[in-house]
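Position 20, counted from 1, in the sequence shown is what the numbering used here calls 63; the numbers after and before it change by one each time, with no gaps.
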Amino acid sequence: MSTKNILVIGGGIGGISAAIAMRNKGFNVKVVELQADMHSSVFGVGIIQPVNALRALEAIGCADACMNAGYATRAWGKMLDFEGKEVREIPGAAIPGSELPPMNGLTRPKLHEILTKKAREVGVVIEYSKTFTEIADNGENVRVAFSDGTSGVFDFVVGADGTYSKVRTHVLGIDLKPTYNGQSAFRVNIPRRIPGQMDIDRIILQRGPEGMAGYVPIGPELAYMFYNSEWEQGTWLEQDSMAEVLCDKLKGFGGLTGAVRDHHIKDSSAVVFRPIDWMIAPPPWHKNRIVLLGDAAHAFLPHLGQGAAQAIEDGVVLAECLDSSSDPDVAFQEYTDRRYERCRLVIQCCVDIGEWEKGRKPGFDNIAATQKVIETMVQPI
Ligand SMILES: Cc1cc2nc3c(=O)[nH]c(=O)nc-3n(C[C@H](O)[C@H](O)[C@H](O)COP(=O)(O)OP(=O)(O)OC[C@H]3O[C@@H](n4cnc5c(N)ncnc54)[C@H](O)[C@@H]3O)c2cc1C
Numbered sequence: 044m045s046t047k048n049i050l051v052i053g054g055g056i057g058g059i060s061a062a063i064a065m066r067n068k069g070f071n072v073k074v075v076e077l078q079a080d081m082h083s084s085v086f087g088v089g090i091i092q093p094v095n096a097l098r099a100l101e102a103i104g105c106a107d108a109c110m111n112a113g114y115a116t117r118a119w120g121k122m123l124d125f126e127g128k129e130v131r132e133i134p135g136a137a138i139p140g141s142e143l144p145p146m147n148g149l150t151r152p153k154l155h156e157i158l159t160k161k162a163r164e165v166g167v168v169i170e171y172s173k174t175f176t177e178i179a180d181n182g183e184n185v186r187v188a189f190s191d192g193t194s195g196v197f198d199f200v201v202g203a204d205g206t207y208s209k210v211r212t213h214v215l216g217i218d219l220k221p222t223y224n225g226q227s228a229f230r231v232n233i234p235r236r237i238p239g240q241m242d243i244d245r246i247i248l249q250r251g252p253e254g255m256a257g258y259v260p261i262g263p264e265l266a267y268m269f270y271n272s273e274w275e276q277g278t279w280l281e282q283d284s285m286a287e288v289l290c291d292k293l294k295g296f297g298g299l300t301g302a303v304r305d306h307h308i309k310d311s312s313a314v315v316f317r318p319i320d321w322m323i324a325p326p327p328w329h330k331n332r333i334v335l336l337g338d339a340a341h342a343f344l345p346h347l348g349q350g351a352a353q354a355i356e357d358g359v360v361l362a363e364c365l366d367s368s369s370d371p372d373v374a375f376q377e378y379t380d381r382r383y384e385r386c387r388l389v390i391q392c393c394v395d396i397g398e399w400e401k402g403r404k405p406g407f408d409n410i411a412a413t414q415k416v417i418e419t420m421v422q423p424i
């Protein structure tokens with residue numbers, strides 16, 4: 044039997060992880076990425092890697108490198124009140140029989156470097172500044188024309204081109220638009236140890252009347268702060284006003300957030316502001332020989348740090364399914380069956396947490412909901 048050729052469209056966390064997983068199963072894999080290089084589409088801020096992300100990264104040989112480059116915690120997190128007093132613990136959960144920590148944090152550029160290095164080591168071909176212009180699936184194979192004038196024939200195509208995926212329309216037959224949840228997120232890197240404040244050695248959440256501040260360790264000396272708050276859809280902020288706007292939003296916070304606001308948010312160019320959009324494609328996530336993965340199939344809200352985690356899990360499961368059946372309908376159906384409900388559950392919980400953060404879900408217990416999702420995520424994929 045000849046080796047199957049797979050094209051992955053999109054070289055983000057999901058696309059590269061899937062490419063490694065499929066290459067490790069013996070497939071020939073090429074990735075085309077719209078951006079000019081591995082860093083062009085990546086913000087310098089950090090990313091949470093819950094234990095299930097680490098398990099999936101372990102499966103593609105990247106977990107140790109991530110933990111060495113980041114900060115692995117001993118517990119999931121804790122919650123502070125507006126003044127800065129600790130009010131609750133969030134223990135997280137362990138994977139039975141595994142020594143992986145509850146979570147690791149690292150910078151996004153580092154994660155991309157680790158994944159890209161591994162992909163090249165195992166023989167994945169990555170081409171930058173390139174996308175598809177036409178895609179034609181005749182049931183036997185998929186003919187793809189590229190933006191650089193070249194073309195190719197592939198056995199399967201994986202659409203890993205993110206929340207605003209262009210491949211998605213070819214699979215679903217409709218232009219499915221993401222939903223804005225009413226919140227946008229600020230993110231900025233800060234020192235991990237703030238003088239006079241508690242060590243950021245796990246996720247720390249601090250809720251204010253208008254939004255949720257959070258802290259994630261991403262290296263021995265580095266952490267990042269996020270702040271989710273309500274904004275009208277389409278709000279755009281001048282880059283050079285970011286620090287001022289964020290500090291204004293954080294008025295009144297005491298404790299850790301007060302100290303960060305007063306001493307560590309000075310450089311507007313270092314602050315990222317992004318709307319929170321979400322979407323889950325209805326099953327199945329494939330049509331004939333084209334399949335969706337990562338944010339192209341399910342764009343996550345950031346509230347549980349699970350978007351990239353689920354994208355990496357997608358890649359591992361997709362590779363297993365393609366390895367176990369040569370019939371794409373069977374393989375891709377099994378893939379969706381194993382992925383859809385898990386992703387839907389996390390997205391629903393994030394939507395609920397977002398509503399609660401906006402003050403629209405009184406009585407909701409965000410810690411209990413978070414803990415329940417983590418306990419579900421440590422179950423086998
Ligand atoms: C504020 C915020 C915070 C988050 N924090 C976390 C976190 O802490 N932990 C976590 O697990 N998740 C987090 N996420 C979610 C996570 O970033 C995404 O789920 C993850 O990046 C999805 O990876 P992906 O590869 O599917 O998509 P993307 O990262 O969007 O990658 C898609 C890639 O495809 C490329 N592309 C797009 N169109 C084309 C095309 N036509 N042709 C070729 N290439 C194309 C893009 O340039 C990009 O490189 C967060 C999200 C947000 C918004």
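C-beta atoms are modelled at their ideal positions from N, C-alpha and C, and glycine is treated no differently.
- Message: Distance check for Gly-257 and Ile-410, CA to CA, integer angstroms please.
- Response: Cα to Cα, Ile-410 sits roughly 14 Å from Gly-257.
- Query: Along the chain, where does the alpha helix (DSSP H) that runs through Glu-418 open and close?
  - Reply: Note, Glu-418: alpha helix (DSSP H), 409-420.
- Based on Cα-Cα distance, which residue from His-346, Ile-323, Val-334 lies nearest to Ile-91? Ile-91 has its Cα closest to that of His-346, out of His-346, Ile-323, Val-334.
- Integer Cβ distance of Glu-356 from Ala-106, believed to fall under 8 Å: About 13 Å separates the beta carbon of Glu-356 from that of Ala-106, a gap too long to meet the 8 Å contact definition.
- Task: List the whole-angstrom C-beta distance separating Val-187 from Leu-335, where the pair is believed to meet the contact cut-off of C-beta under 8 Å.
- Result: With a contact defined as Cβ atoms closer than 8 Å, Val-187 and Leu-335 miss out at about 16 Å.
- Answer yes or no: the CB of Ile-417 versus the heavy atoms of ligand 1, is any distance below 7 Å? No, ligand 1 has no heavy atom inside 7 Å of this Cβ.
- So does Lys-209 have its beta carbon nearer than 7 Å to some heavy atom of ligand 1? Yes.
- Message: For a minimum of 3 consecutive residues, which ranges assigned as the beta strand (DSSP E) are wholly contained in the region 213-281?
- Response: For secondary structure counted as the beta strand (DSSP E) over 3 or more consecutive residues, the region 213-281 holds these complete runs in sequence order: 222-234, 246-250, 254-260, 265-273.
- Selection from Ile-323, Val-314, Ala-228, Asp-244 that minimises the alpha carbon distance to Gln-276: The candidate whose alpha carbon is nearest that of Gln-276 is Ala-228.
- Quick one: is the Cβ of Glu-421 within less than 7 Å of any heavy atom of ligand 1? Contrary to the premise, residue 421 reads as Val rather than Glu in this sequence. No, the Cβ of Val-421 stays beyond 7 Å of every heavy atom of ligand 1.
- Exposure of Gln-249, with buried meaning 16 or more beta-carbon neighbours within 10 Å: Around the Cβ of Gln-249, a 10 Å sphere holds 16 or more other Cβ atoms; the residue is buried.
- If you count every other CB in all the chains shown that lies within 10 Å of the CB of Asp-191, and 16 or more means buried, which is it? Taking every protein chain shown into account, the CB of Asp-191 has fewer than 16 other CB atoms within 10 angstroms, so this residue is exposed.
- Item | Unbroken alpha helix (DSSP H) run spanning Pro-152, endpoints | Per DSSP, the continuous alpha helix (DSSP H) segment holding Pro-152 begins and ends at 151-165.
- Query: Beta-carbon of Glu-384 versus every beta-carbon of chain B: anything under 8 Å?
  - Reply: Annotation note: the requested chain B is absent from the structure, which comprises a single protein chain.
- Could you pull out every residue in the same chain whose Cβ sits closer than 7 Å to the Cβ of Arg-211, ignoring the five residues on either side in sequence? Gly-202, Leu-219, Ala-324, Leu-335, Ala-339, listed in sequence order.
- Query: Candidates Ile-247, Phe-316, Glu-287: which alpha carbon is nearest Ile-308's?
  - Reply: Minimum Cα distance to Ile-308 is reached at Glu-287.
- Item | Cβ contact check for the region 153-168 and the region 50-69: 3 or more pairs under 8 Å | With a cut-off of 8 Å, the region 50-69 and the region 153-168 count as touching, because enough Cβ pairs lie within range.
- Message: Run through the DSSP bridge pairs and tell me what Glu-398 is partnered with.
- Response: For Glu-398, which the question treats as bridged, DSSP gives no partner whatsoever.
- Message: Within 10 Å of its beta-carbon, does Ile-157 have 16 or more other beta-carbons around it, so buried, or fewer, so exposed?
- Response: Result: buried.
- Do you know offhand how far Asp-380's Cα is from Cys-364's? Linking Asp-380 to Cys-364 through their CA atoms gives a straight-line distance of about 11 Å.
- CA nearest to the CA of Met-81, picked from Gly-104, Leu-143, Phe-407, Tyr-171: The shortest C-alpha separation from Met-81 is found at Tyr-171.
- Query: Should the region 105-121 be called in touch with the region 388-407, which here means at least 3 C-beta pairs below 8 Å?
  - Reply: No, because fewer than three Cβ pairs between the region 105-121 and the region 388-407 fall closer than 8 Å, the two stretches do not touch.
- Answer yes or no: the CB of Glu-129 versus the heavy atoms of ligand 1, is any distance below 7 Å? In this structure, Glu-129 has its beta carbon at no less than 7 Å from each heavy atom of ligand 1.
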